[in-house]
Amino acid sequence: MPSPSGSGYLVAYADGTARPGVYSLSFTKGHTAAGCALVRVGADGEVDLYNAATVPVNVYADLVGDYDVFPAAS
Numbered sequence: 016m017p018s019p020s021g022s023g024y025l026v027a028y029a030d031g032t033a034r035p036g037v038y039s040l041s042f043t044k045g046h047t048a049a050g051c052a053l054v055r056v057g058a059d060g061e062v063d064l065y066n067a068a069t070v071p072v073n074v075y076a077d078l079v080g081d082y083d084v085f086p087a088a089s
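Heads up: the sequence shown runs through residues 16 to 89, numbered per the working numbering.
What follows is the structure, given as structure tokens:
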């Protein structure tokens, strides 16, 4: 996988929602980066990825797990 030719950051967020003001992964020119983010999926089951850099980057993403919300025990 080629290293990024510039610096920037990626934002992962639920499809159909406003892009948040926080980033999920930052990267710098010439350095491959790895990260992990817990991101909700949109109502359509999709996640959006926004590249805030001025250069294209290669992104590999995996979906791992299935989460549910459980009420707190009383």
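Virtual Cβ for every residue (Gly too), placed ideally from N, Cα, C.
Every value quoted in this text rests on a predicted model; they were computed, and no experiment measured them.
- Beta-bridge partners of Y24 (DSSP): S41.
- With a cutoff of 9 Å on beta-carbon distance, P17 and F42 are scored as not near each other.
- In the DSSP assignment, V62 falls within the beta strand (DSSP E) that extends over 62-66.
- Taken through DSSP and simplified to helix, strand or coil, A49 comes out as coil.
- Leaving aside the five residues that flank D59 on each side, the residues in its chain whose CB is nearer than 8 Å to its CB run, in chain order, D30, G31.
- Contact annotation, Y65 with V26: C-beta distance approximately 4 Å; criterion of less than 8 Å satisfied.
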